[in-house]
Every structure is written in structure tokens, then in C-alpha cells.
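Chemist: To start, I am sharing the structure in question, which I have written as C-alpha cells.
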Amino acid sequence: MVGGSGGLGAEVSAELSKRGARLVVHGKTKDKAETLCKKIVDGGGEAQPLPFSLDTPESVFEFCRIVSRLEDIQILVLAYGPFVQKSLEDHSPEDWMLSSVMDLALPGALASLFLPGMKSRGYGRILLFGGTRTDVVRSYSTNVAYAAAKTGLGVLTKSIAAQGAAHNVAAILACPGFVRTEYLSDATIARLKEKSPSGRLFEPHHIIAPILDLLGVEPCAASGAVVSLDGGLTL
């Protein structure tokens with residue numbers, strides 16, 4: 577679980593634990609990762625924290641080196657990705673580098689790392705998270721670097737699905753709409769409610785339960801799908 581200690585990632589961690597998964601939960605801060613894992617363990621599940629700050633291209637190399645020691649990984653979830661919001665003209669080279677590495681290269685590197693083992697064992701499930709409206713190529717005014725990287729995850733998802741199909745390895749890209757998490761301020765929540773077709777935000781379980789249902793079936797007919805879970809926002 578990369579980015580599994582907060583937001584949608586925490587909901588994925590909790591739901592996977594309920595479904596019997598033994599977890600390694602990555603989080604940026606030690607306290608948050610340990611708190612979530614303790615909650616899972618106290619509830620009868622198995623989870624160990626993996627605190628690590630992913631904030632530079634160099635940190636990605638180190639993170640991949642660390643997780644390469646993990647054995648028998650059957651499920652990989654990427655619920656991590658820094659969000660850069662500013663006009664296209666104001667995007668710096670650093671903004672572009674951060675978004676492309678963390679939002680696209682990191683998921684790709686981890687998929688490349690774990691795919692061979694999944695194929696050899698005859699089972700694997702990979703869940704990637706795109707951004708709102710990144711299900712297809714679109715124009716953006718305030719988050720171009722982030723959206724470009726997240727849209728690229730569709731290529732990765734379909735490539736995993738094609739190469740893994742004969743080995744029972746499946747991948748889905750979830751593109752959530754507006755979801756209430758601890759990261760949103762009251763002002764942001766109010767603004768997103770105005771944009772939402774339903775006038776409200778989704779709760780994390782509204783997104784996570786159905787996407788895990790899709791990914792968990794045998795065989796996974798939805799493998800390779802880019803799934804919008806936005807309640808009609810992008811129709």
C-alpha cells in the first residue's frame with residue numbers, strides 16, 4: 577500500500593484488511609503509518625508500517641530498493657501522488673519533474689518491479705489512482721503537470737492488463753471524483769460541492785468498495801479498465 581496511511585489510501589488499507597489481506601502500509605510520516613497499522617491489528621488484521629518520505633527523484637530509487645526486499649507481493653496499490661495546482665505559465669521545471677516522477681514514474685517502476693513475481697505465481701492485482709477527469713486526454717488550466725502524469729497511468733494500466741492476462745494478473749485505474757478526506761479544508765469542500773453534479777462529496781468507502789469488488793473477481797474481466805467514479809462529473 578503506497579500512500580496507504582491517509583485519505584483514500586487509508587480506506588483501501590482498511591478495506592483490504594477486512595477482506596483478509598496482510599498489509600505493508602507506506603506513509604510519509606511514521607506516526608500516521610503506525611497509528612493506522614495499530615488500528616488494523618487491534619481489529620484482528622495484519623499490517624506493518626513503512627514510513628518513508630517520497631519527495632525527490634532520488635527518494636524513488638531508494639524506496640524501490642527497500643520494497644524490492646518484500647516477498648510474495650500479490651496486491652500493489654498506488655494511492656500516492658503530489659498535487660501541483662497553479663497556472664501552466666507558473667509551472668516550474670521542479671513542478672514538472674515532481675509530478676512526472678511521483679505520479680507516473682513511481683507507479684511504473686513499482687509495477688515493473690513486482691510484475692514478474694506476480695506472473696510467476698499466477699496471481700496479481702494492481703490498483704492505480706488517477707485524478708478527477710484524467711480518464712481521457714483533456715485540457716487543464718491549473719494542474720497540467722499533475723493531470724498529464726495521471727492521464728498517462730491509463731497506458732500503464734492497459735499495458736499491465738495485456739501482459740498479465742495469461743498469468744491472472746490484473747490492473748485497474750480508478751479516477752475518483754470529489755471525495756471528502758482529511759486533507760480538504762472547509763472552504764475547499766464548499767467549493768467542490770458547488771462543482772459536484774449531486775451537490776455533495778463522496779465518502780471514501782463510496783469509491784473504494786466498488787473498485788475493489790471489480791478488481792477482486794476471478795477472472796478479472798475489468799482488467800485494463802480506466803474507471804471514472806465521479807457521479808457524472810465528466811459525462
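If you want my numbering, it's the 1-based position in the sequence shown plus 576.
All residues carry an ideal CB built from backbone N, CA and C; glycine is no exception.
What you are looking at is a predicted structure, and each value in this text was computed from that prediction instead of being measured.
1) Between K769 and S696, what straight-line distance do the alpha-carbon atoms span, to the nearest angstrom?
2) Rounded to whole angstroms, what's the CA-CA distance from A801 to G620? Just pull it up for me.
3) Can you check which of these residues, A785, L654 and A681, is closest to I702 by C-alpha distance?
4) For the segment 601-612 against the segment 626-638, do three or more pairs of beta-carbon atoms, one drawn from each stretch, fall closer than 8 Å, so that the two count as touching?
5) Cα-Cα, which of L592, S581, L729 and E587 is closest to A609?
6) According to the neighbour-count rule (16 or more other Cβ atoms, all chains shown, within 10 Å of its Cβ), is T708 buried or exposed?
7) So, with DSSP's three-state summary, where would you put V643?
8) Would you kindly work out how many angstroms separate the C-alpha atoms of P795 and T710, rounded to a whole number?
9) Which of helix, strand or coil does DSSP assign to P752?
10) So what does DSSP say about A597, is it helix, strand or coil?
11) Based on the DSSP secondary-structure assignment, which residues constitute the bridge partners of E622?
12) Note down the Cα distance separating I642 from P773, rounded to an integer number of angstroms.
13) For G728, I'd like the list of residues in its chain whose CB is within less than 6 Å of its CB, leaving aside the five on either flank, ordered along the chain.
14) Classify F705 as helix, strand or coil using the three-state DSSP reduction.
Modeler: Looking at the coordinates:
1) Residue mapping note: residue 769 aligns to position 193 of the sequence shown, counting from 1. Residue mapping note: residue 696 aligns to position 120 of the sequence shown, counting from 1. In a straight line, the C-alpha of K769 is about 46 Å away from that of S696.
2) Mapped onto the sequence shown, residue 801 falls at position 225. Mapped onto the sequence shown, residue 620 falls at position 44. Their Cα atoms are separated by approximately 33 Å.
3) Position 126 of the sequence shown holds residue 702. Per the Cα distances, L654.
4) yes
5) Locating residue 609 in the sequence shown gives position 33, where the first residue counts as 1. The alpha carbon of A609 has as its nearest neighbour, out of L592, S581, L729 and E587, the alpha carbon of S581.
6) Position 132 of the sequence shown holds residue 708. Buried: at least 16 other Cβ atoms inside 10 Å.
7) Start at 1 with the first residue of the sequence shown, and residue 643 comes out as number 67. Helix at V643.
8) Within the sequence shown, the letter at position 219 stands for residue 795. Within the sequence shown, the letter at position 134 stands for residue 710. So the alpha carbons of these two residues sit roughly 26 Å apart.
9) In the sequence shown, residue 752 corresponds to position 176, counting from 1. The answer is strand: DSSP assigns P752 an E or B state.
10) As a position in the sequence shown, residue 597 is number 21, starting the count at 1. Coil, per DSSP.
11) Residue mapping note: residue 622 aligns to position 46 of the sequence shown, counting from 1. The partner list for E622 (beta bridge, DSSP) reads R598.
12) Residue numbering aside, residue 642 sits at position 66 when the sequence shown is read from its first letter. Residue numbering aside, residue 773 sits at position 197 when the sequence shown is read from its first letter. Each residue's Cα considered, the two are about 43 Å apart.
13) Along the sequence shown, read from residue 1 onward, the residue named residue 728 stands at position 152. Same-chain partners within the cutoff: L680.
14) Numbered from its first residue, the sequence shown carries residue 705 at position 129. Strand.
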